[in-house]
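Residue numbers (the numbering used here), protein chains in the order written: chain A, 1 to 360; chain B, 1 to 572. Here's the structure we're looking at; comments come further down.
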Amino acid sequence: MAEDGTQAVSVELDRIGKRFGNAQAVRDLSLAVERGEFFTLLGPSGCGKSTTLRIVAGLLDPDEGAVRFDSRDVTRLPPWERHLGMVFQNYALWPHMTVFDNVAFGLVERRVPGPEVRRRVAEALEKVGLAGMEGRFPSQLSGGQQQRVALARALVVRPRLLLLDEPFSNLDAKLRVQMRAELARLQRELGITTLYVTHDQEEALVLSDRIALLESGRLVQAGSPRELYERPREPFVADFLGGANLLDGVVRRAGSGEAEIQVAGTTVTLPVDGPLAPGARVWVSVRPEHLRLSADAGTGALSGVVRATDYLGWTLQAEVELHNGACVQVRGLDPAVGLQPGERVVLRLDPQRVRVFPQA
Amino acid sequence: MASPAVASPPAVPARRSLRWRYDPAQLALYAVLLGAVSLLVVLPMASVLRGAFVDASGFTVAHVARFFYTPLYLESLRNSLVVGAAATLVSSVLAVPPAFLLARYRFPGQTLLLTWLTVPLVIPPFVGAIGLNQTLGRAGVLTLLLEDHLGVSFVAAEGLRGVVLAHALHYFPFVLLTVTAALANLDPSLEEAAKVAGARGVRLLRRVTLPLVAPAYAAGAILVFVRATDDLGTPLILNVKNMLGPQAYFRITTIARDDPDGYAISVVMLALALAAVWAATRLGRRREVATLATGGRRPGQSLRGPGAWVLLAFSAVVGFLGLLPHLGVLLLSVSRVWSLTYLPTGYTLDHYAEILFRAPQFVQNTLLYSATAAVLAVALALGIAYLQHRGRVPAPGLVDFAATAPIAVPGVVLGIGFLRVFDRWALPWVGAPLTALWVVFPLLYVARRLPYAVRATSAAMAQVHPALEEAAAVCGARRWRTFRRVTFPLLLGGVVAAGVLVFVTAAVEFSATVLLINRVEQSPLSYGIYLYAQSPRGRGAAAALGTVAVLLVAVGTYVANRIGGKRPALAL
Numbered sequence: 001m002a003e004d005g006t007q008a009v010s011v012e013l014d015r016i017g018k019r020f021g022n023a024q025a026v027r028d029l030s031l032a033v034e035r036g037e038f039f040t041l042l043g044p045s046g047c048g049k050s051t052t053l054r055i056v057a058g059l060l061d062p063d064e065g066a067v068r069f070d071s072r073d074v075t076r077l078p079p080w081e082r083h084l085g086m087v088f089q090n091y092a093l094w095p096h097m098t099v100f101d102n103v104a105f106g107l108v109e110r111r112v113p114g115p116e117v118r119r120r121v122a123e124a125l126e127k128v129g130l131a132g133m134e135g136r137f138p139s140q141l142s143g144g145q146q147q148r149v150a151l152a153r154a155l156v157v158r159p160r161l162l163l164l165d166e167p168f169s170n171l172d173a174k175l176r177v178q179m180r181a182e183l184a185r186l187q188r189e190l191g192i193t194t195l196y197v198t199h200d201q202e203e204a205l206v207l208s209d210r211i212a213l214l215e216s217g218r219l220v221q222a223g224s225p226r227e228l229y230e231r232p233r234e235p236f237v238a239d240f241l242g243g244a245n246l247l248d249g250v251v252r253r254a255g256s257g258e259a260e261i262q263v264a265g266t267t268v269t270l271p272v273d274g275p276l277a278p279g280a281r282v283w284v285s286v287r288p289e290h291l292r293l294s295a296d297a298g299t300g301a302l303s304g305v306v307r308a309t310d311y312l313g314w315t316l317q318a319e320v321e322l323h324n325g326a327c328v329q330v331r332g333l334d335p336a337v338g339l340q341p342g343e344r345v346v347l348r349l350d351p352q353r354v355r356v357f358p359q360a
Numbered sequence: 001m002a003s004p005a006v007a008s009p010p011a012v013p014a015r016r017s018l019r020w021r022y023d024p025a026q027l028a029l030y031a032v033l034l035g036a037v038s039l040l041v042v043l044p045m046a047s048v049l050r051g052a053f054v055d056a057s058g059f060t061v062a063h064v065a066r067f068f069y070t071p072l073y074l075e076s077l078r079n080s081l082v083v084g085a086a087a088t089l090v091s092s093v094l095a096v097p098p099a100f101l102l103a104r105y106r107f108p109g110q111t112l113l114l115t116w117l118t119v120p121l122v123i124p125p126f127v128g129a130i131g132l133n134q135t136l137g138r139a140g141v142l143t144l145l146l147e148d149h150l151g152v153s154f155v156a157a158e159g160l161r162g163v164v165l166a167h168a169l170h171y172f173p174f175v176l177l178t179v180t181a182a183l184a185n186l187d188p189s190l191e192e193a194a195k196v197a198g199a200r201g202v203r204l205l206r207r208v209t210l211p212l213v214a215p216a217y218a219a220g221a222i223l224v225f226v227r228a229t230d231d232l233g234t235p236l237i238l239n240v241k242n243m244l245g246p247q248a249y250f251r252i253t254t255i256a257r258d259d260p261d262g263y264a265i266s267v268v269m270l271a272l273a274l275a276a277v278w279a280a281t282r283l284g285r286r287r288e289v290a291t292l293a294t295g296g297r298r299p300g301q302s303l304r305g306p307g308a309w310v311l312l313a314f315s316a317v318v319g320f321l322g323l324l325p326h327l328g329v330l331l332l333s334v335s336r337v338w339s340l341t342y343l344p345t346g347y348t349l350d351h352y353a354e355i356l357f358r359a360p361q362f363v364q365n366t367l368l369y370s371a372t373a374a375v376l377a378v379a380l381a382l383g384i385a386y387l388q389h390r391g392r393v394p395a396p397g398l399v400d401f402a403a404t405a406p407i408a409v410p411g412v413v414l415g416i417g418f419l420r421v422f423d424r425w426a427l428p429w430v431g432a433p434l435t436a437l438w439v440v441f442p443l444l445y446v447a448r449r450l451p452y453a454v455r456a457t458s459a460a461m462a463q464v465h466p467a468l469e470e471a472a473a474v475c476g477a478r479r480w481r482t483f484r485r486v487t488f489p490l491l492l493g494g495v496v497a498a499g500v501l502v503f504v505t506a507a508v509e510f511s512a513t514v515l516l517i518n519r520v521e522q523s524p525l526s527y528g529i530y531l532y533a534q535s536p537r538g539r540g541a542a543a544a545l546g547t548v549a550v551l552l553v554a555v556g557t558y559v560a561n562r563i564g565g566k567r568p569a570l571a572l
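Structure representation (structure tokens):
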């Protein structure tokens with residue numbers, strides 16, 4: 001096993017499949033993670049993201065497909081030979097060992113001589129801001145401190161790849177933001193390839209170089225945060241990342257790169273990706289923050305009745321029922337407007353930020 | 001081999017072979033464990049069934065049917081059932097009032113009272129019977145006091161009544177602990193809701209509290225019933241022969257090894273025990289409903305009102321009764337002469353000299369057998385628990401099931417099964433059957449106590465989150481290193497506690513032991529007690545051995561509880 005001088009690897013998943021009994025946890029999943037990249041597997045619970053991570057770790061064997069590190073097939077390599085660092089959701093600190101022993105564990109397994117173990121453990125704890133805590137037991141640490149120990153334990157062996165399985169889900173909101181920033185700093189400093197699993201879209205957007213969005217074991221879309229947010233390929237992507245109102249529409253006239261679409265009692269011209277036939281049914285996806293209150297009811301305006309409002313202090317959001325009975329969420333309204341339920345309003349959408357998806 | 005062109009080949013045809021689904025090292029372990037459990041549990045049981053249902057003419061129910069036509073056996077069955085029911089009733093009457101006192105009130109000395117009331121658990125019933133004989137028997141202190149001062153002539157500890165008393169005084173703490181725990185875990189809002197609805201006092205107790213505690217109580221009570229019904233040692237010490245245990249024992253040891261009646265009696269005992277354990281399991285399952293504690297516990301009230309003081313007084317009487325067997329045994333073990341007087345007329349340490357120096361083999365054997373049994377049982381239990389929780393083997397629950405099944409098997413029946421299987425053929429190289437060797441006793445104790453070892457180890461294993469092992473694997477530790485550095489250290493407390501428990505229960509095992517005694521030199525302490533107790537002159541030595549047994553159990557239970565955590569480890 002290569003110990004020192006190991007470098008970040010690239011990771012390739014080639015048509016991975018995994019079943020548990022009758023449930024297909026992962027199906028035909030292919031991904032390529034580049035060296036030094038911060039790559040996030042994002043998706044709702046049960047989408048197969050943790051299963052995928054555990055397959056990369058070697059904790060699960062895929063039923064089909066291959067895992068490659070730097071083009072070398074490691075599918076059959078047991079976890080202890082993959083040279084990884086991993087942070088578990090519940091930290092998985094060994095309760096019978098001190099902080100020092102927890103962090104030193106991997107070095108001891110690698111037969112690193114004692115003085116070097118001490119030096120490197122001290123260094124790793126320093127890096128996560130826990131210098132001097134060597135003698136404590138995990139039960140004597142706060143959640144955030146345990147999290148740092150887990151991170152130090154993962155990093156101390158200078159792994160080729162860092163795997164993180166929802167590492168911040170047990171922390172309170174404030175600490176989570178702080179740890180997120182520290183992780184980002186460490187990852188940049190070390191330049192280590194990182195595979196990160198989360199169901200929290202905000203975490204994914206803030207941290208990642210690229211995100212893969214999974215649903216029901218299937219890769220829906222992979223790309224940079226901006227790509228996924230601004231150019232979702234499916235309604236699910238738009239809805240999961242940021243949220244979206246999906247409105248039922250029909251193509252009236254189709255041109256190159258844009259189409260005239262009838263939606264919620266009005267007709268608007270919207271940019272489209274692929275060719276669409278007139279008469280085809282589409283989903284018009286509008287993010288809640290891309291709907292604006294408007295004074296006049298011209299073309300491209302949706303009119304409806306306010307059903308409910310949520311006052312959040314700094315902003316106001318509302319649920320509006322359109323003429324055809326569809327309900328849309330509107331975000332980012334000025335609280336000074338003072339909308340009341342029952343009030344009639346006109347909403348205008350920004351055509352440049354609307355996405356159109358053909359209906360299956 | 002030319003294969004037709006495939007339109008779309010599957011991704012990578014790397015479908016895992018058996019090698020990955022079933023781990024070969026684990027399969028080997030599985031085979032070893034299955035073999036051991038089959039030999040120690042399945043084979044003896046099958047052999048008992050065979051003895052009862054198969055004879056020269058093939059399968060027959062004639063022997064079991066004859067049981068129900070033989071007046072002596074029917075009387076024995078009736079006596080066993082009556083003893084079981086009466087022991088359950090008496091122990092419940094003794095246990096439930098103190099349980100309410102302990103669960104509902106807060107008072108100084110509460111922990112002391114609880115400890116005092118659980119002390120009877122450390123004295124095995126057949127040892128307690130010796131002490132009871134000295135205190136409540138024909139010439140017992142209290143019997144004499146009663147007769148001399150009140151003119152009442154009543155012998156409490158004699159015959160069937162004595163068996164009932166010995167069991168009730170041993171097992172009432174078990175009912176007490178069960179009911180106290182159930183009351184303490186009861187969601188207080190359930191009673192509060194009844195109070196708001198207008199129920200109070202006896203009606204509240206009858207309509208809400210008792211029904212809610214009933215399943216837990218019943219599960220505990222059924223176990224008392226089973227133990228009292230199955231027992232062999234206590235009736236033998238009190239010279240009661242017409243119960244199921246003694247009948248089976250005498251048929252096999254004095255009539256014939258192959259006497260079908262002995263096996264028929266065994267089958268009846270087995271059926272009774274199985275039915276009772278089944279009932280207890282079913283009742284135990286219903287328990288969860290009432291203990292969904294959402295409101296949290298309410299602090300207990302201080303002792304106020306006549307009711308509380310009546311409970312306290314009653315508890316003190318129970319505590320005193322519970323100590324009678326201990327006092328009797330302890331006093332007898334140091335008495336030179338104690339006959340038809342309130343207290344011994346002379347004191348001596350001679351009985352201890354007898355059992356420690358002149359005939360030390362009883363204690364030595366017991367230490368050897370129990371320690372061996374503890375190590376073996378824990379090793380098996382570790383493997384079984386590991387496979388059950390982490391196993392990648394077919395049907396991992398199978399070994400666990402076979403290993404915990406003996407919990408329902410009466411000791412006499414297991415002993416008979418052992419005798420039938422291991423007395424048959426001579427071992428190669430040794431030239432004698434297994435029953436001639438001392439190792440038969442540790443093996444017997446492993447078979448008998450494996451259920452407790454497996455349950456304790458399995459519970460400890462369930463506490464070890466798989467992620468702790470996965471973290472070690474990712475950190476570079478191979479499977480064995482992971483077990484040694486992570487899994488085993490985390491299991492250690494539970495495993496040691498389980499081992500101590502096996503040791504303690506093996507040290508006082510009598511029902512199965514007595515069937516396998518070949519030579520006195522090989523017999524353990526429990527048989528020594530029985531042997532000494534046969535003659536009036538030996539009763540002092542029997543009591544001294546009994547005191548040693550009580551000490552072993554007391555120290556062991558204390559140690560197991562300290563290591564094993566908060567849950568009281570019950571040495572049943």
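In this text, a Cβ means the ideal position worked out from N, Cα and C, and glycines have one as well.
Worksheet item: How about A/G58: is its Cβ closer than 6 angstroms to a heavy atom in the ligand HEM?
Response: This structure does not include the ligand HEM; it has no bound ligands of any sort.
Practice prompt. Starting from B/Y347, follow its DSSP beta bridges and name the residues at the other end.
Written response: B/S335
Discussion item. What does the alpha-carbon distance come out to for the pair B/P360 and B/A543?
Written reply: 15 angstroms
Worksheet item: According to DSSP, what are the bridge partners of A/L316?
Response: A/Y311 and A/L333
Discussion item. 7 angstroms is my cut-off, CB to CB: does B/G476 come that close to chain A?
Written reply: yes
Worksheet item: From B/V208 to B/A194, what does the alpha carbon distance come to, in whole angstroms?
Response: 7 angstroms
Worksheet entry | Limits of the unbroken beta strand (DSSP E) element including A/F39 | F38 to L42
Discussion item. I want to verify the contact list: residues of chain B whose CB lies under 7 angstroms from the CB of A/A57, in sequence order.
Written reply: V474
Discussion item. To be precise: take each residue of the segment 106 to 120 of chain A, compare its Cβ to all Cβ atoms of chain B, and keep it if any distance is under 7 angstroms. Which residues remain?
Written reply: G106, E109 and R110
Fill in: Residues that DSSP places opposite A/I16 in a beta bridge
A/L29
Practice prompt. Whole angstroms is fine: what's the gap from B/F100's alpha carbon to B/E191's?
Written response: 14 angstroms
Worksheet item: Is it right to say B/I255 is buried, meaning 16 or more other beta carbons lie within 10 angstroms of its own, or is it exposed?
Response: exposed
Discussion item. Under 8 angstroms, CB to CB, which of the residues in the segment 445 to 475 of chain B have a partner in chain A?
Written reply: H465, A467, L468, E470, A471, A472, A473, V474 and C475
Worksheet item: Given a threshold of 16 other Cβ atoms within 10 Å of its Cβ, counted over all protein chains shown, does B/C475 qualify as buried or as exposed?
Response: buried
Worksheet item: What are the boundary residues of the alpha helix (DSSP H) that B/A432 is part of?
Response: Neither: B/A432 is in no alpha helix (DSSP H) and is coded neither H nor E.
Discussion item. Let me make sure I understand the geometry here. Which of B/I237, B/A373 and B/A506 has the alpha-carbon closest to that of B/R539?
Written reply: B/I237
Worksheet item: CB A/G36 to CB A/G191, shorter than 7 angstroms?
Response: yes
Worksheet item: Hey, B/I598 and B/A276: beta-carbon distance below 7 angstroms or not?
Response: Chain B is shown from 1 up to 572; residue 598 of chain B falls before or after that span and cannot be answered.
Discussion item. Short of 6 angstroms in beta carbon distance, which residues of its chain neighbour A/R136, apart from the five on each side in sequence? Order them along the chain.
Written reply: V99
Item to complete: For B/G481, go through chain A and note every residue whose CB falls closer than 7 angstroms to its CB, in chain order.
Response: For the sequence presented, residue 481 of chain B should be read as Arg rather than Gly. The contacting residues are E109.
Fill in: Near-chain B residues of the segment 261 to 284 of chain A - C-beta to any C-beta below 9 angstroms
none
Practice prompt. Entirely within the segment 36 to 113 of chain A and at least 4 residues each: give me those alpha helix (DSSP H) ranges in chain order.
Written response: 49 to 57 and 99 to 109
Discussion item. Taking 7 angstroms as the threshold (C-beta atoms), are B/A498 and B/A456 in contact?
Written reply: yes
Worksheet item: Would you report the Cα separation of B/D148 and B/G131, rounded to the nearest angstrom?
Response: 21 angstroms
Worksheet item: Can you tell which of B/A507, B/V496, B/V48 and B/G35 has the C-alpha that lies nearest to the C-alpha of B/M269?
Response: B/V48
Worksheet item: Which stretch, first to last residue, makes up the alpha helix (DSSP H) that contains B/D400?
Response: G397 to T404
Worksheet entry | Range covered by the beta strand (DSSP E) that runs through A/N245 | N245 to A254
Worksheet item: B/L292 to B/L380, Cα distance in whole Å?
Response: Confidence at B/L292 is low in this model, with a pLDDT of 46, below 50, so its placement is unreliable and no value can be given for it.
Practice prompt. Show which residues of chain B have a CB atom less than 8 angstroms away from the CB atom of A/P79.
Written response: E470, A473 and V474
Practice prompt. For A/L84, go through chain B and note every residue whose CB falls closer than 8 angstroms to its CB, in chain order.
Written response: V474
Item to complete: Count the other C-beta atoms from every protein chain shown that fall within 10 angstroms of the C-beta of B/S302, then say buried if there are 16 or more, exposed otherwise.
Response: exposed
Worksheet item: Which runs of the alpha helix (DSSP H) spanning at least 4 residues fall entirely within the segment 34 to 66 of chain B, listed in chain order?
Response: 43 to 53
Fill in: Own chain residues within Cβ distance below 7 angstroms of B/L522, not counting five before or after
Residue identity differs from the one stated: residue 522 of chain B is Gln in this sequence, not Leu. Excluding positions up to five away in sequence, the list reads N365 and W438.
Worksheet item: Closer than 7 angstroms, CB to CB, is A/F88 near chain D or not?
Response: No chain D is present in this structure, whose protein chains are A and B.
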